[in-house]
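Asks: Numbering (my numbering), first residue to last: 114 to 540. Glycine included, each C-beta is placed from N, C-alpha and C at the ideal position. Note that the structure is a prediction, hence the values are computed from the model and not measured.
1) When DSSP builds the beta bridges, which residues end up paired with residue 309?
2) Could you tell me the distance, in whole angstroms, from the CA atom of residue 351 to the CA atom of residue 461?
3) Taking only the alpha-carbon atoms, compute the straight-line gap between residue 289 and residue 511 and give it to the nearest angstrom.
4) Shorter than 7 angstroms from the beta carbon of residue 233 to some beta carbon of chain B?
5) Distance, Cα to Cα, residue 278 vs residue 214?
6) How would you call residue 447, buried or exposed, if buried means at least 16 neighbouring beta carbons within 10 angstroms?
7) Once DSSP output is grouped into helix, strand and coil, what is the label at residue 283?
8) Relative to the C-alpha of residue 237, which candidate in 229, 227, 185 and 458 has its C-alpha closest?
9) By the three-class DSSP mapping on this structure, what secondary structure does residue 432 have?
10) Under the three-state reduction of DSSP, which class applies to residue 477: helix, strand or coil?
11) Apply the 10 Å Cβ neighbour rule to residue 133 and answer buried if 16 or more other Cβ atoms are within range, or exposed otherwise.
12) When DSSP builds the beta bridges, which residues end up paired with residue 487?
13) Using a Cβ-Cβ cut-off of 7 angstroms (strictly less than) and excluding sequence neighbours within five positions of residue 530, which residues of its own chain qualify?
14) Are residue 280 and residue 245 close, meaning C-beta to C-beta below 7 angstroms?
15) How would you call residue 272, buried or exposed, if buried means at least 16 neighbouring beta carbons within 10 angstroms?
16) In or out: residue 508 buried (at least 16 other Cβ within 10 Å) or exposed?
17) Hey, how far is the Cα of residue 298 from the Cα of residue 372?
18) Residues bridged to residue 379 by DSSP?
19) How far does the beta strand (DSSP E) with residue 70 in it extend, from its first residue to its last?
20) So, using beta-carbon positions, are residue 543 and residue 331 closer together than 7 angstroms?
21) Just reading off the beta strand (DSSP E) that residue 397 is part of, what are its end residues?
22) Buried or exposed, going by whether 16 or more other CB atoms sit within 10 Å of the CB of residue 450?
23) Helix or strand or just coil, what does DSSP make of residue 288?
24) Quick check on the DSSP output: the beta strand (DSSP E) that includes residue 344 runs from which residue to which?
25) Could you check if residue 231 is buried or exposed, using at least 16 other CB atoms within 10 Å of its CB as the buried criterion?
26) State the Cα-Cα distance for the pair residue 123 and residue 421, rounded to the nearest angstrom.
Quick look at the structure:
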């Protein structure tokens with residue numbers, strides 16, 4: 114029998130030369146290099162200021178390239194919260210920077226197909242007008258066009274704007290913070306947290322070129338909901354994660370299928386403060402999410418895999434680090450799960466860390482954790498338990514499956530009949 118397992122790597126520390134930090138969860142800090150490695154973005158102290166950096170880490174955990182992104186003709190004073198994208202052979206960075214007396218949004222491109230990576234000049238995205246612009250988020254739409262959103266005070270209060278080009282106001286009259294842009298097959302979702310009379314709520318708009326209506330994502334009976342992060346599954350479902358202030362700060366998720374929202378589903382532990390959810394989807398429709406939970410040593414990083422309203426896997430993933438904050442996750446085309454966070458490891462300042470969850474094929478039963486069964490079939494597939502009861506049905510195409518509980522199952526597809534022993538293996 115051949116078994117599929119996910120194996121966690123050791124924790125890898127990028128640098129210990131100076132204090133570092135990662136952005137808010139509306140951003141991306143990890144992008145795939147297409148060969149099993151990543152580009153990892155973070156801010157690091159450089160002299161009296163902070164600069165935005167990006168390190169290229171290959172699949173053997175070697176740092177092979179380092180870019181100081183924010184340092185251009187004018188030295189950055191802040192090089193603060195940033196986000197990054199990969200478009201074909203080009204790395205794109207957006208970040209807020211105090212190059213004058215106030216933060217504005219800047220961008221820079223690196224064309225990687227040119228030896229050494231050809232860097233563009235640093236240019237402004239927001240209007241250089243003396244008002245604060247910060248906390249950018251960006252995405253690529255289905256045509257490959259770049260969209261960037263940010264928080265701006267040009268109206269005398271924090272509001273959400275969208276570019277590039279002439280900035281377009283997205284939010285309305287309430288104070289609005291920390292936007293995120295998420296690409297859907299038929300448009301762009303923009304989420305943010307917005308003040309209301311009795312608290313905060315998570316809202317969104319979908320830009321499709323037609324009429325846009327604001328939609329409240331967090332439950333109306335909530336008091337304070339904030340810190341949203343969203344991702345789109347291949348089947349078009351939108352998953353939104355957010356922090357809700359009850360007795361503690363707890364993380365929930367909802368998903369939208371068509372025009373219908375699911376109920377709010379708890380993700381983090383009950384009675385423990387949790388923050389900073391960050392999520393992404395893999396090609397099979399599984400959602401990978403990380404977050405921080407407060408603990409005696411300051412904070413821990415948790416990771417979970419979910420599908421619809423079910424948690425398939427969940428656990429703490431930091432080992433030798435403590436005071437962990439600001440985790441991020443990315444799944445590449447090889448189904449490798451890449452996780453980044455900031456943490457202490459005995460020093461008094463935080464450094465950027467990195468860990469990878471890699472699928473492997475093995476013979477025998479030397480491990481206990483079974484990865485999802487991943488197959489492709491031409492049509493409808495049905496999962497049966499040992500009694501013949503239908504457990505789940507699939508429309509076909511790419512299938513990623515973890516049985517709901519230990520036992521013997523049979524997956525019947527148009528091509529074959531597969532016996533699944535869980536936990537254990539398949540044949």
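Replies: Based on what the coordinates show:
1) To locate residue 309, count along the chain shown from 1; it is residue 196. DSSP lists 312 as partners of residue 309.
2) As a position in the chain shown, residue 351 is number 238, starting the count at 1. As a position in the chain shown, residue 461 is number 348, starting the count at 1. Whole-angstrom Cα-Cα distance: 39 angstroms.
3) Within the chain shown, residue 289 is the residue found at index 176, counting from 1. Within the chain shown, residue 511 is the residue found at index 398, counting from 1. In a straight line, the C-alpha of residue 289 is about 39 angstroms away from that of residue 511.
4) In the structure shown, chain B does not exist; there is a single protein chain.
5) Along the chain shown, one-based indexing puts residue 278 at 165. Along the chain shown, one-based indexing puts residue 214 at 101. Between residue 278 and residue 214, the C-alpha separation is close to 23 angstroms.
6) If you number the chain shown from 1, residue 447 lands on position 334. With fewer than 16 Cβ atoms within 10 Å of its Cβ, residue 447 is classed as exposed.
7) Taking the chain shown and counting its residues from 1, one reaches residue 283 at position 170. Three-state result, residue 283: coil.
8) Sequence index remark: in the chain shown, residue 237 carries index 124 (1-based). Among 229, 227, 185 and 458, the Cα nearest to that of residue 237 is on 185.
9) As a first step, residue 432 is located in the chain shown; it is residue number 319 there, counting from the start. DSSP, reduced to helix, strand and coil, places residue 432 outside both helices and strands of the structure shown, so it counts as coil.
10) Within the chain shown, residue 477 is the residue found at index 364, counting from 1. Residue placement at residue 477 is flagged as unreliable, the pLDDT there being 42, under the threshold of 50; a coordinate-derived value is accordingly withheld.
11) Within the chain shown, residue 133 is the residue found at index 20, counting from 1. Residue 133 should be labelled buried.
12) Position 374 of the chain shown holds residue 487. DSSP lists 513 as partners of residue 487.
13) Taking the first residue of the chain shown as 1, we reach residue 530 at position 417. Excluding sequence neighbours, residue 530 sits near 523.
14) Reading the chain shown from its first residue, position 167 is the one you call residue 280. Reading the chain shown from its first residue, position 132 is the one you call residue 245. Cβ distance not < 7 angstroms, so residue 280 and residue 245 don't count as in contact.
15) As a working mapping, residue 272 is identified with position 159 in the chain shown. A buried status is given to residue 272, since no fewer than 16 other beta-carbon atoms sit within 10 Å of its beta-carbon.
16) Taking the chain shown and counting its residues from 1, the one referred to as residue 508 is at position 395. Burial call: exposed.
17) Along the chain shown, one-based indexing puts residue 298 at 185. Along the chain shown, one-based indexing puts residue 372 at 259. Cα-Cα distance, rounded: 15 angstroms.
18) Walking along the chain shown from the start, residue 379 turns up at place 266. Checking the DSSP bridge columns, you'll see residue 379 partnered with 365.
19) What is shown of the chain runs 114 to 540, which leaves residue 70 out entirely.
20) The chain is shown only over 114 to 540; residue 543 falls outside these bounds and no answer can be derived.
21) As a working note, residue 397 is residue 284 in the chain shown. Note, residue 397: premise wrong, no beta strand (DSSP E); not H, not E.
22) One-based indexing of the chain shown puts residue 450 at position 337. Around the beta carbon of residue 450, 16 or more other beta carbons sit within 10 angstroms, so the residue counts as buried.
23) Walking along the chain shown from the start, residue 288 turns up at place 175. In this structure, residue 288 counts as coil in the three-state DSSP scheme.
24) In the chain shown, the residue the question calls residue 344 occupies position 231. Bounds of the beta strand (DSSP E) holding residue 344 are 337-345.
25) In the chain shown, the residue the question calls residue 231 occupies position 118. Flag for residue 231 reads exposed.
26) Position 10 of the chain shown, counted from the start, is the residue given in the question as residue 123. Position 308 of the chain shown, counted from the start, is the residue given in the question as residue 421. About 30 angstroms.
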